[in-house]
Structures are given as structure tokens and as C-alpha cells.
Amino acid sequence: MKRRTFRVETVHAGHPLGEVLAGVLGLPREEVERLVGVGAVYVGGRRSRDAAVRLTPEQVVTVVLEEGGQSPLAAASTPRLEPRILHEDDRLLAVDKPAGMTAQPTEGRVGDSLVDWVGAHLQRPAGLVHRLDRETSGVTLFGKTPEATAALAEEFREGHARKRYLAAVGPVPLPAQGFIDLPLSKDPSRPGRWRATRAANGIPALTSYRVLFTGSDFLLVELLPQTGRTHQLRAHLTALGAPILGDSRYGGAPRAGGLAAPRCLLHARTLELAHPRTRAPVRFEAPVPEDLARFFSAAGLPAPSGAIPAAEPPGGQ
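Under our numbering, residues 12 to 328 are what the sequence shown spells out, in order.
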């Protein structure tokens with residue numbers, strides 16, 4: 012991330028934020044106002060969306076100029092992604108998050124995250140219960156009341172929420188099914204990555220998996236995570252030598268079998284848990300997106316749906 016931070020000097024005190032930024036950054040006033048508008052400017056540690064606000068001495072101003080290798084202005088000009096509503100009632104909202112959409116507003120941008128979209132849909136804030144990585148698609152759940160959000164969050168915290176993910180991975184031999192019990196820790200040599208290994212003092216992470224298709228160019232796998240750690244599935248598959256196709260951060264190939272993998276081909280297909288009001292079991296399922304569906308079509312295989320199978324006990328992998 013590239014940013015510029017400065018402290019407001021006496022000569023700038025009382026002047027509008029946009030005017031000061033244009034002078035300090037050497038940018039046209041119009042460009043500065045766009046940076047403010049997309050949420051890339053912070054004054055005193057708080058995001059500022061008003062270029063006319065007047066500054067006071069010693070305030071710290073931070074401008075995010077680049078995030079993820081891309082200017083916030085360029086990112087804001089890309090087509091807006093539209094989630095799909097899978098289910099909505101008085102207590103919860105289940106949506107299908109498209110790949111490429113962040114779950115929450117990032118430091119350099121606001122307005123185009125899933126949280127922003129849901130807030131606009133409901134005309135009020137909602138409680139995000141769990142998060143998917145930006146490139147991961149699929150079922151994401153929101154509570155519509157504080158009580159519902161707390162009940163849903165407890166389902167995840169206590170391990171009662173059951174999840175099915177689907178992924179396309181590199182063509183390496185894998186047992187037909189297995190159970191991955193490898194702790195996760197941040198990779199000190201590669202910022203932004205997690206490593207799955209017993210050689211470090213990591214946090215417990217458990218994943219049951221089943222191979223759905225084995226071909227000469229790629230495999231299709233069903234993943235049933237028993238814990239919900241950051242990058243768990245991506246790191247676990249990489250530890251098996253089978254990174255997810257399109258996952259450049261973990262070494263996944265950009266294509267296989269003549270098919271493109273334009274992003275990390277991981278999809279949150281199914282989620283099962285207790286409804287926060289009735290406590291009855293409910294299931295939400297997100298259609299397989301086109302980029303991953305092409306691999307299922309090439310394999311001549313329908314994507315798994317319906318009830319999530321019981322996870323295999325430890326002892327396989």
C-alpha cells in the first residue's frame with residue numbers, strides 16, 4: 012500500500028482539506044476531490060468524505076494513493092459488482108458475494124464493499140457474521156438485528172455452522188478423501204500469506220476434503236472446513252501441493268486444460284446453521300459462478316448440492 016501522511020502546519024490551518032491536499036500532493040484539485048470522495052483520505056485517523064472541511068493545526072492527514080497495486084481512483088471506476096440475494100427474512104439476509112468484491116470497506120475505498128451494498132439495500136446497517144476473501148465467491152450471512160447477529164455469530168464460534176466450499180486445483184495426486192490437521196501461522200518470508208505447518212507455533216486449523224474429479228490437467232475438490240481461519244483452505248491445499256487455480260498469492264496456475272482461472276477459484280457453495288429466531292436448521296446455497304462452472308462442465312460433473320455430508324474424522328491426511 013502506498014500512502015502519504017503529513018501534519019497540518021500553521022500556514023494550512025483554517026484552509027479546506029481539498030485545497031491543502033492539492034498543494035501538498037501537487038495534484039489537480041479535481042483529482043484530490045475524487046480521492047476524498049472515494050474514501051481514500053483520513054483526517055485525525057478518521058475517514059473524511061468532505062473536501063471543504065477546514066483543517067486545524069497539528070492534525071494528521073493520510074492519503075491512500077495505491078492499494079493492492081491499484082489507485083483508489085482506478086479501482087472506483089471499475090464496473091460495480093452486484094451480489095445476489097439468496098434469502099431474506101426479518102432476522103437475516105443471505106447473499107451470494109461475487110468474486111472481486113471485498114466483504115468490508117478497505118482503507119482506500121468505500122461504497123463498493125458487500126457491507127456497503129447490504130447497508131444500501133436495507134437502508135440501515137446490518138451485522139456481517141463472517142467474511143470471505145475478496146476473490147472468493149459464495150454464501151455470506153448478515154444479521155438484521157443485534158440479537159440475530161449475535162446468535163448467528165455464536166453458530167460460527169461454537170462450530171455449529173457447517174460449510175461446503177468447491178475449488179479447482181492443480182493436477183497433483185491426492186487421496187480420494189482426507190482430513191487436513193495443520194496449524195496456520197503467518198509466513199514471515201511472504202507478507203500476506205499464511206503457511207500450514209507443524210514447524211511453527213500456529214493456530215489449529217482442520218479441513219475435511221473429498222476429491223470430486225481427477226483429470227490430467229486439474230482436480231475438483233469439495234472442502235468442509237471444521238474451523239474458520241484466515242486463508243485456511245488456500246493454505247491447506249497449498250501444503251498438499253495442490254494450490255487453488257488462479258490463486259497467484261499461493262502459486263496457483265492461471266489456467267489449466269485450456270481453461271482460464273481469472274481469480275482464485277474457490278466458492279462458498281453451501282452453508283447450514285440454526286435460524287436465529289426459530290432455531291430450526293436452515294440451508295443456503297449459492298450457484299456456482301461461471302468461471303468455476305466451466306471446470307465442472309469440462310469434467311462432465313454436476314456441482315454438489317443439498318445437505319452437507321458428515322466430515323471424515325482425523326486420520327486421513
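The C-beta atom is built at its ideal place from N, Cα and C for all residues, glycine as well.
When DSSP states are grouped into helix, strand and coil, residue 195 belongs to the strand group. Assignment of beta strand (DSSP E) within the stretch 141-223, counting only whole runs of 3 or more residues, yields 148-154, 173-180, 188-192, 195-197, 205-207 in chain order.
Scanning 69, 298, 304 for the CA closest to the CA of residue 106 turns up 298.
Out of 74, 55, 24, 56, the CA that lies nearest to the CA of residue 37 is found in 74. Using a Cβ-Cβ distance cut-off of 8 Å, the stretch 160-174 and the stretch 191-210 are not in contact, since fewer than three pairs of beta carbons, one from each stretch, lie closer than that value. Between residue 140 and residue 253, the C-beta spacing is not below 7 Å. Residue 255 is positioned such that its CB atom lies no closer than 7 Å to that of residue 231. Leaving aside the five residues that flank residue 40 on each side, the residues in its chain whose CB is nearer than 8 Å to its CB run, in chain order, 29, 30, 33.
A residue is called buried when at least 16 other Cβ atoms come within 10 angstroms of its Cβ; residue 192 meets this threshold and is buried. The C-alpha of residue 281 is placed about 8 Å away from the C-alpha of residue 317. For the options 112, 218, 63, the alpha carbon positioned closest to that of residue 322 is the one of 218. Within the same chain, and ignoring the five residues on either side of residue 286 in sequence, the residues whose Cβ sits closer than 6 Å to its Cβ are 293. Linking residue 68 to residue 206 through their CA atoms gives a straight-line distance of about 45 Å. Residue 43 is not a Cβ neighbour of residue 72, given a cutoff of 7 Å. Taking residue 23 as the centre and dropping the five residues before and after it, the same chain places the C-beta of 31, 66 closer than 7 Å to its C-beta, in chain order. Nearest in C-alpha terms to residue 259, of all of 275, 248, 251, is 275. For the pair residue 271 and residue 226, the Cα-to-Cα distance works out to about 16 Å. Counting every other CB atom within 10 Å of its CB across the protein chains shown gives residue 136 a total below 16, marking it as exposed. Judged by their CB atoms, residue 267 and residue 302 are not nearer to each other than the 7 Å cut-off. Taking 3 residues as the shortest admissible run, the stretch 48-116 contains the following complete beta strand (DSSP E) segments, listed from N- to C-terminal end: 52-54, 71-77, 95-99, 103-108. Cβ-Cβ separation between residue 216 and residue 188: approximately 18 Å, too far for a contact (criterion under 8 Å).
Per DSSP, the beta-bridge partners of residue 278 are 148, 177. A distance of 7 Å or more separates the beta carbons of residue 102 and residue 178. Following the DSSP letters along the chain, one finds residue 245 inside the alpha helix (DSSP H) bounded by residues 243-250. In the three-state DSSP reduction, residue 297 falls in the coil class, being neither helix nor strand.
Note on residue 124: 16 or more other CB atoms within 10 angstroms of its CB, so buried under the neighbour-count rule.
Checking the DSSP bridge columns, you'll see residue 313 has no partner listed. Residue 21 is bridged by DSSP to nothing; it lacks a bridge partner. Among the bridge pairs identified by DSSP, residue 283 is matched with 173, 294. When the beta-carbon positions are compared, residue 233 and residue 245 stay at least 7 Å from each other. Assignment of residue 130 by DSSP, reduced to helix, strand and coil, places it in the helix class.
Annotated three-state conformation of residue 260 is helix, per DSSP.
In the DSSP secondary-structure assignment, residue 16 is bridged to 73.
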